[in-house]
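33 is the number that our numbering gives to position 39 of the sequence shown; each next residue is one higher, with no gaps.
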Amino acid sequence: HGGQPQQPGQVVQECGVGLVTLRRDGTRLAFAAPALRRSMTEPALLQLVLAALGLQPNQVLAAQVLDNGPHWLGLLLDSPVTLMALVPDHAALKTIGQMIGLASVEYEDGGPGLIARSNREARAFGTRGDAAAETGAETGAATGLQVRAFAAAIGVPEDPVTGSLNASLAQWLIAEGVLPERYTARQGAPVGRDGWVYITQDSAGQVWVGGDSVTCIAGTVLL
């Protein structure tokens, strides 16, 4: 009422998943990720998707069905090199009818941290709640995520920046101890964009998904 939010710097918007809180911090806007439902992937579906993406099974560290409103099949790949080299068969993905979100972890020294990483990320294949965060020091600690989103199923071959996917990836991979509670995801380079998505998980466990915003057009609509 009155064109002013009840709480300064914060508004609540309604979409298909329900009410979603948004907050402003300077030029950055962030939304509270809706509750995530996740489950194991059907082997037959995964096989079709890997064929359409040109991936080998050993290049996929983990796979989960992710649903926080939009329905994604999330794949965690073995390296950013694998992720960025993908040239998917979008016609095949459209026929499959499933949106695909892919990610690969970045490390602070550029190295793989193979032993710790394989132990940690292998747990992401399991059921919810069976993964504990790493407690020891690790060479090449995870610092960020590279992301690609293929949505030919809804007429978008590759999306440059995808809030819903980054939200569900964060909820999944933070919960499994693969990623820290604060990191930056990058998306869009293969389609000529330089998207940066800022992820934080607060003390209450709420994941926030944010990005810098710029007002390009301003106006008034008469209803």
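Glycine residues also receive a C-beta, built at the ideal position from the N, C-alpha and C atoms.
Remember, predicted model here, so these are calculated numbers, not experimental data.
Rounded to the nearest angstrom, what separates Thr156 and Gln181 at their Cα positions?
Looking at the two C-alpha atoms, the distance is approximately 8 Å.
Would you call the stretch 186 to 200 and the stretch 142 to 162 touching, i.e. three or more CB-CB distances under 8 Å?
Enough Cβ pairs lie closer than 8 Å, so yes.
Looking at chain C, is there any beta carbon in it that lies within less than 8 Å of the beta carbon of Ala38?
Among the chains in the structure shown there is no chain C, since it carries only a single protein chain.
Who are the near neighbours of Ala198 in its chain, counting only those whose CB is closer than 8 Å to its CB and skipping five residues on each side?
Cβ within range, chain order: n/a, list empty.
Where Pro64 and Thr214 are concerned, what is the direct C-alpha to C-alpha distance, given to the nearest angstrom?
Rounded to the nearest angstrom, the two C-alpha atoms are 30 Å apart.
Out of curiosity, what's the CA-to-CA distance linking Ala183 and Pro151?
In a straight line, the C-alpha of Ala183 is about 14 Å away from that of Pro151.
Quick check on Ile211: does DSSP put it in helix, strand or coil?
Looking at Ile211 - three-state DSSP - the assignment turns out to be coil, as it is neither helix nor strand.
So Gly157 is in the beta strand (DSSP E); what residue range does that whole segment cover?
Premise fails: Gly157 lies in the alpha helix (DSSP H), 157 to 169, not in any beta strand (DSSP E).
On the three-pair Cβ rule with 8 Å, is the stretch 18 to 32 touching the stretch 55 to 64?
Contact holds: three or more Cβ-Cβ distances are below 8 Å.
Tell me the residue span of the beta strand (DSSP E) that contains Met78.
No beta strand (DSSP E) contains Met78, which is instead part of the alpha helix (DSSP H) from 74 to 78.
Does the stretch 13 to 25 come close enough to the stretch 66 to 79 that 3 or more CB-CB pairs lie under 8 Å?
No: the two stretches stay apart, fewer than three of their Cβ pairs being nearer than 8 Å.
So the alpha helix (DSSP H) Gln41 belongs to, where does it begin and stop?
Its alpha helix (DSSP H) spans residues 37 to 47.
Quick one: measure Cβ to Cβ for Val45 and Leu87, integer angstroms, because I've assumed they're closer than 8 Å.
In the sequence under discussion, the amino acid at residue 45 is Ala, which differs from the Val named in the question. Not quite, the Cβ-Cβ distance comes to about 10 Å (not below 8 Å), so this is no contact.
If you drop the 5 nearest sequence neighbours on each side, which residues of the same chain put their C-beta closer than 7 Å to that of Val81?
Hits under 7 Å: Gly48.
In whole angstroms, give me the CA-to-CA distance for Arg18 and Val208.
Cα to Cα, Arg18 sits roughly 12 Å from Val208.
Would you mind reading off the limits of the alpha helix (DSSP H) that contains Leu216?
Segment: none, Leu216 is in no alpha helix (DSSP H) and carries neither H nor E.
Considering only residues of the same chain and omitting the five flanking positions on each side of Glu175, which have a CB-CB separation below 8 Å?
Cβ within range, chain order: Ile168, Thr194, Gln195.
Could you check if Thr178 is buried or exposed, using at least 16 other CB atoms within 10 Å of its CB as the buried criterion?
Answer is exposed; the Cβ neighbour count stays below 16.
Quick test of your reading: Gln165 and Leu77, contact by CB under 8 Å. State the CB separation rounded to the nearest angstrom.
Not a contact, Cβ separation roughly 20 Å.
Going by Cα to Cα distance, which pick from Ala136, Val99, Gly149 is closest to Gly91?
Comparing Cα-Cα distances from Gly91 to each of Ala136, Val99, Gly149, the minimum goes to Gly149.
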